[in-house]
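Working notes for the structure below.
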Amino acid sequence: MTYRENVQTLCDGLGLANPLQESDLTIAKMIFSDYTDGPNYGKKYEVLATDMNRAGRLFLQQKAGSATWIFLDSVLKVEAAEFFTSELWDDCSPQKRPLVYGIKECTMVEFVRK
20 MTYRENVQTL
30 CDGLGLANPL
40 QESDLTIAKM
50 IFSDYTDGPN
60 YGKKYEVLAT
70 DMNRAGRLFL
80 QQKAGSATWI
90 FLDSVLKVEA
100 AEFFTSELWD
110 DCSPQKRPLV
120 YGIKECTMVE
130 FVRK
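The sequence shown begins at 20 in the working numbering and counts up by one.
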């Protein structure tokens, strides 16, 4: 499936209209952390809510439910790679696709809710 088809399937499953509206989302900011090298390493960076990352925020919102943080384990990363497709997953960077990059390269994400 294409990324657009994946977004539509997610919206359909949640009973949301596509294109997504900001009012459908509860995540205002994501703080990605990488604790691969231990608990004191904690490389962090923030990704603010934008129009361009609405579908990615919905993906994380659906995975997290009402939690304020989640681990980005291997199962979630496989699901994210399938959702974002290789077009977005393989070509991500902190500058180009920071939300996708955070999921791919970090171990945890905290959410600041609206």
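For every residue, glycine included, the Cβ atom is placed at its ideal position computed from N, Cα and C.
These numbers were taken from a predicted model, which means no experiment stands behind them.
First through last residue of the beta strand (DSSP E) which encompasses residue i
i     : result
ALA47 : 46–53
Inter-residue Cα distance where the pair is residue i and residue j
i      : j      : result
TYR64  : GLY121 : 8 Å
LYS62  : VAL131 : 18 Å
LYS82  : SER42  : 18 Å
ALA74  : GLN114 : 18 Å
CYS111 : ARG23  : 17 Å
ALA100 : ASP70  : 20 Å
PRO58  : LEU44  : 30 Å
ARG76  : LYS133 : 12 Å
LYS48  : GLU98  : 21 Å
ASN134 : TYR60  : The first residue shown for the chain is 20 and the last is 133, placing residue 134 beyond what the model contains.
Residues bridged to residue i (per DSSP)
i      : result
LEU67  : LYS48
LYS133 : Looking at the DSSP assignment, LYS133 forms no beta bridge with any residue, so it has no partner.
LYS62  : ASP53
VAL128 : PHE51 and ILE89
Element boundaries [alpha helix (DSSP H), containing residue i]
i     : result
TYR22 : 22–33
Considering only residues of the region 66–117, which uninterrupted alpha helix (DSSP H) runs meet the minimum length of 4 residues and lie entirely inside it, listed in chain order? Secondary structure within the region 66–117: the alpha helix (DSSP H) runs of 4 or more consecutive residues, fully enclosed, are 73–83 and 93–108 (chain order).
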